[in-house]
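*Asks:* The opening position of the sequence shown corresponds to residue 0 in numbering that gives the first Met the number 0, with each subsequent residue numbered one higher. Beta carbons are placed, not taken as given, at the ideal position from N, Cα and C, and that holds for glycine. So that we are looking at the same thing, I have put the structure below in structure tokens.
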Amino acid sequence: MTRYLIIVLSTVAMLLAATPDAAFAQRGASCHNGMSFPQFLETLKSDAVKAGVSQRTIATASPYLVYDQGIVNRDRGQRVFGQIFTEFAGRMAANYRMQQGQAKISAHSAAFARAEKEYGVPPAVIAAFWGLESDFGVNMGKLPTLRSLVSLAYDCRRAQMFHDETLAALKIIDRGDLTPPEMIGSWAGELGQTQFLPTHYFNYAVDYDGDGHRNLLRSPADVIGSTANYIANGLKWRRGEPWLQEVRVSTNTPWDQADLTIKHPRSKWSQWGVTYADGRALPNDNLPASLLLPMGRNGPAFLAYANFAAYTEWNNSLIYSTTAGYLATRIAGAPPMRKPSAPVPQLSFNDIKELQKLLTQRGFNVGKIDGILGQQSRIAIKTMQVKYRLPADSWPTAELLAQMRSGG
């Protein structure tokens, strides 16, 4: 890069940072009938009044309803999880987090017991989300929530979603749960120790400590009860049923059946040689389960039950949801995950991008060609593995890439 180009880019960056409304913010106006941000804000405030928010709350919140181009830039540039499962789980579901989860369950035993009785959600499930989302309240974010929400509402990428989230945040203030300056969280507007979007906060937060407020930033009891309420009623948790169990597969396992959309009774998986991770036989019953192979047939294997849908609904990243479910099993007392007998071959970042491009050329929708293995890419990979008569375990391999390069 020449020195001249560096100077030009630096100048442009300074101009955009200095005049966000005049630059990028005007791009956002295209989906708001050409309104400037101040005009858009007046319309949003009017919508809030129609939704039942008081004028007093709107006046109190108004100094915090400002546009921030940096938030919009982060939203447009965010990346999904690019690590492989064992790397991500090894870091996020480490022993220290399991031990902290168990300690929190012990320290707040009454709230956890009450939540399990009322909502049917096991303490370990709540604690795992609590640990992953904020390290039990240590890392909740440092950005003003209202500023984030209103900036994303003005941007066109997810305008309606964040319009509704902004109204929900104003309703939380109006209800007396939090004040505008207290609303500090992540850049995308999530709040509290389990990082609720404002709509989830407004709809599912409960006052578990009896102080008259639903405070998910500072009250562990409120966090526990509210998270249980959301999992049970928002994510449709099934009381008394498992969510995820590590298993061991055999060479007799039909790999093309390893898919979250395919369910078989445990008795059928047992017939195909699937056992518990320690080699014990699975129960010979009709409880339906899917076989989950986050790194293909040579990596870790799990049976995912109906309750695992709560995890994929909480976060649709397969790596995150599997890690959250696995951490919950560890907090509940399960042993550490078995390590693969040999390193699982992994395509490079550029090879996965090439594979995604080739899949797109074959008519598959893999989303963005970004070198990150998402669910759409996995579905397309499995289809091509079936075509080439390769083990259809949804894991990209050098053999599959070579077949697709040859155009067969």
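What span of residues does the alpha helix (DSSP H) with Val385 cover, start to end?
*Replies:* By 1-based counting over the sequence shown, the position of residue 385 is 386. Looking at the DSSP string, the run of the alpha helix (DSSP H) that includes Val385 is Gln374 to Lys386.
*Asks:* Ignoring anything shorter than 4 residues or poking outside the segment 172-240, list the alpha helix (DSSP H) runs there in chain order.
*Replies:* 197-203 and 219-228
*Asks:* Within the chosen definition, does the segment 216-229 reach the segment 112-119 through at least 3 CB pairs nearer than 8 Å?
*Replies:* The answer is yes - the segment 112-119 touches the segment 216-229, with three or more Cβ pairs under 8 Å.
*Asks:* Excluding the five sequence neighbours on either side, which residues of its own chain have a C-beta within less than 7 Å of the C-beta of Lys141, listed in chain order?
*Replies:* Position 142 of the sequence shown, counting from 1, holds the residue named residue 141. Answer for Lys141: Ile183, listed in chain order.
*Asks:* Which one or two residues does DSSP pair with Arg247 in a beta bridge?
*Replies:* For the purposes of this step, residue 247 is taken as residue 248 along the sequence shown, with counting starting at 1. Answer by DSSP bridge pairing, in chain order: Thr274.
*Asks:* Can you look up Phe135 in the DSSP assignment and give me helix, strand or coil?
*Replies:* Along the sequence shown, read from residue 1 onward, the residue named residue 135 stands at position 136. DSSP places Phe135 in coil when its eight states are reduced to three.
*Asks:* Applying the criterion that 16 or more other CB atoms from any shown protein chain within 10 Å of the CB defines a buried residue, is Ser9 buried or exposed?
*Replies:* Stepping through the sequence shown from its first residue, residue 9 is reached at position 10. With a pLDDT of only 34 at Ser9, under 50, the local geometry of the prediction cannot be trusted, and the value read off the model is given with reservation. Here Ser9 is exposed: its Cβ has fewer than 16 other Cβ atoms, across all protein chains shown, within 10 Å.
*Asks:* I'd like to check one pair, Pro344 with Ala379: are the Cβ atoms closer than 9 Å?
*Replies:* Here residue 379 is taken as the residue at index 380 of the sequence shown, counted from 1. Here residue 344 is taken as the residue at index 345 of the sequence shown, counted from 1. Not in contact: Ala379 and Pro344 (Cβ atoms no closer than 9 Å).
*Asks:* Expressed to the nearest angstrom, what Euclidean distance is found between the alpha-carbon atoms of Asp276 and Val65?
*Replies:* As a working mapping, residue 276 is identified with position 277 in the sequence shown. As a working mapping, residue 65 is identified with position 66 in the sequence shown. This sequence places Ala at residue 276; Asp is not what is there. Rounded to whole angstroms, Ala276 to Val65 spans 53 Å at the Cα level.
*Asks:* Excluding the 5 residues preceding and the 5 following Ile57 in the sequence, name in chain order all residues of the same chain whose CB lies nearer than 8 Å to its CB.
*Replies:* As a first step, residue 57 is located in the sequence shown; it is residue number 58 there, counting from the start. Around Ile57: Lys44, Ala47, Val48 and Leu169.
*Asks:* Suppose you measure from the CA of Tyr63 to the CA of Arg146; what does that come to, to the nearest Å?
*Replies:* Here residue 63 refers to the residue found at position 64 of the sequence shown. Here residue 146 refers to the residue found at position 147 of the sequence shown. Each residue's alpha carbon lies about 6 Å from the other.
*Asks:* If you count every other CB in all the chains shown that lies within 10 Å of the CB of Ile172, and 16 or more means buried, which is it?
*Replies:* Looking up residue 172 in the sequence shown gives position 173. Label assigned to Ile172: buried.
*Asks:* Going by DSSP, which residues form a beta bridge with Phe301?
*Replies:* For the purposes of this step, residue 301 is taken as the residue at position 302 of the sequence shown. The partner list for Phe301 (beta bridge, DSSP) reads Glu245 and Leu291.
*Asks:* So the candidates are Ile351, Arg279, Ala152 and Ala309; which of them puts its Cα closest to the Cα of Ser29?
*Replies:* Here residue 29 refers to the residue found at position 30 when the sequence shown is read from its first residue. Considering only alpha carbons, the answer is Ala152.
*Asks:* Where do the N-terminal and C-terminal ends of the alpha helix (DSSP H) with Met97 fall, by residue?
*Replies:* As a working note, residue 97 is residue 98 in the sequence shown. Counting along the chain, Met97 sits inside the alpha helix (DSSP H) bounded by residues Asn94 to Ala106.
*Asks:* For Tyr387, which residues from the same chain have a beta carbon less than 6 Å from its beta carbon, with the 5 sequence-adjacent residues on both sides left out?
*Replies:* Within the sequence shown, the letter at position 388 stands for residue 387. Counting only Cβ-Cβ distances below 6 Å, and skipping sequence neighbours, we find Gln402.
*Asks:* Buried or exposed: which applies to Ile261, given that a residue is buried once 16 or more other Cβ atoms fall within 10 Å of its Cβ?
*Replies:* One-based indexing of the sequence shown puts residue 261 at position 262. Ile261 comes out exposed.
*Asks:* What are the start and end residues of the alpha helix (DSSP H) that includes Phe87?
*Replies:* Numbered from 1 along the sequence shown, position 88 holds the residue referred to as residue 87. From DSSP, the alpha helix (DSSP H) with Phe87 extends over Phe84 to Met91.
*Asks:* Keeping to the same chain, check which residues put their C-beta closer than 6 Å to that of His411; ignore five residues upstream and five downstream.
*Replies:* In the structure displayed, the chain extends from 0 to 407; residue 411 sits before or after that span and is not available.
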